[in-house]
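Notes for the one structure printed next.
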Amino acid sequence: MKSAGISDIGLHRKRNEDSFFIDEDQGIFIVCDGMGGHKGGDVASQLAVQTIRDHLHFTQGEDIVPLLCQSVQAANTAINTMGGRVDALREMGTTATIAIIRDKEMTVAHVGDSSLYLFHAGILTRITRAHTLAEQMAADGFLSDGNRPNSGYSHILTRAVGIEPVINVDIYQLGIANGDQVLLCSDGLTDMMTDEQIGKVMAISGGPELKARLLVDAALANGGFDNVTVLVVSV
Ligand code: CA
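Numbering (our numbering), first residue to last: 678 to 912.
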């Protein structure tokens, strides 16, 4: 397994509120995109990454899913508590997208509008579903698929880590094969590139470092309106 991560402030923001974490030996990959307040965004995403990684210590044969949910819940409590105590950090929150890759299986925990994609046999598939009002309205039949990306509702989160005392975490489990690639990213990438454009970069030959670089550069070339974080894993 090889991996590479890049986080870029982008061309318009004053702070980088994204955080990421890589542990190839344990197969742990995390992307968090923070929000809220003057300093809240970067505090929330850093606190989430730190709390989650501190909780993820696997022993042989252990069930990953409960441990993963507990780690996100612990991050939720830490952010919610600090946000309630410190005025400047009030209502801070963060997305959290976590992939655990081990023994030809990937377990994903997901809250918010960061994304995880699987690139398998030349085809890019978005695995996670964004917790945005636009996605919720589309699911409820109020918004057609075609209108979703341009909708004003696409940046309103329906779920984020740290906002409420308890967090509901989406879990995905899927098989993974040699030659597969996994992409975790913040919306600073997906707002700037279509899935088709991302797929074309994933299809070229080259390692995770090259692909992460090309994806970040493309997001910047397309406007770089937000912080952009890209984490590529080659299995
Ligand atoms: Ca963002």
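Note that the Cβ used here is the ideal one computed from N, Cα and C, for glycine as well. Just so you know, these numbers come straight off a predicted model, no measurement behind them.
Alpha-carbon to alpha-carbon, residue j and residue i
| i | j | result |
| --- | --- | --- |
| E694 | L733 | 23 Å |
| C746 | A880 | 32 Å |
| V788 | V846 | 6 Å |
| P743 | Q750 | 10 Å |
| G883 | D894 | 16 Å |
| G718 | T867 | 19 Å |
| I804 | S791 | 11 Å |
| D731 | V912 | 24 Å |
| G865 | V785 | 20 Å |
| N728 | S722 | The question names Asn, yet the displayed sequence has Thr at residue 728. Rounded to whole angstroms, T728 to S722 spans 10 Å at the Cα level. |
| H808 | S821 | 16 Å |
| M870 | A765 | 33 Å |
Contact belief for residue i with residue j at Cβ below 8 Å, rounded distance in angstroms
| i | j | result |
| --- | --- | --- |
| I875 | L892 | 7 Å |
| G770 | A837 | 4 Å |
| I853 | K781 | 6 Å |
Element boundaries [alpha helix (DSSP H), containing residue i]
| i | result |
| --- | --- |
| M759 | I741 to R762 |
| R730 | G717 to H732 |
| K877 | D872 to A880 |
| V893 | P885 to A898 |
| T867 | D864 to T867 |
N-terminal and C-terminal residue of the beta strand (DSSP E) that residue i is part of
| i | result |
| --- | --- |
| Q850 | D847 to G852 |
| G704 | Looking at the DSSP string, G704 is not in any beta strand (DSSP E), and its letter there is neither H nor E. |
| T784 | E782 to V788 |
| D685 | K679 to D685 |
| A811 | Per DSSP, A811 belongs to no beta strand (DSSP E); it is in the alpha helix (DSSP H), L810 to A816. |
Open item on the list: I'd like to know if the segment 735 to 744 and the segment 756 to 773 are in contact, where contact means that at least 3 CB-CB pairs between them fall below 8 Å.
Closed with: no
TODO: Evaluate the contact criterion for the segment 855 to 868 versus the segment 790 to 809: three or more CB pairs, one atom per stretch, below 8 Å.
DONE: yes
Task: Three or more C-beta pairs below 8 Å linking the segment 805 to 817 and the segment 678 to 690 - done: no
- [ ] Decide if the segment 770 to 778 is in contact with the segment 704 to 712; the criterion is three or more beta carbon pairs, one per stretch, under 8 Å apart.
- [x] yes
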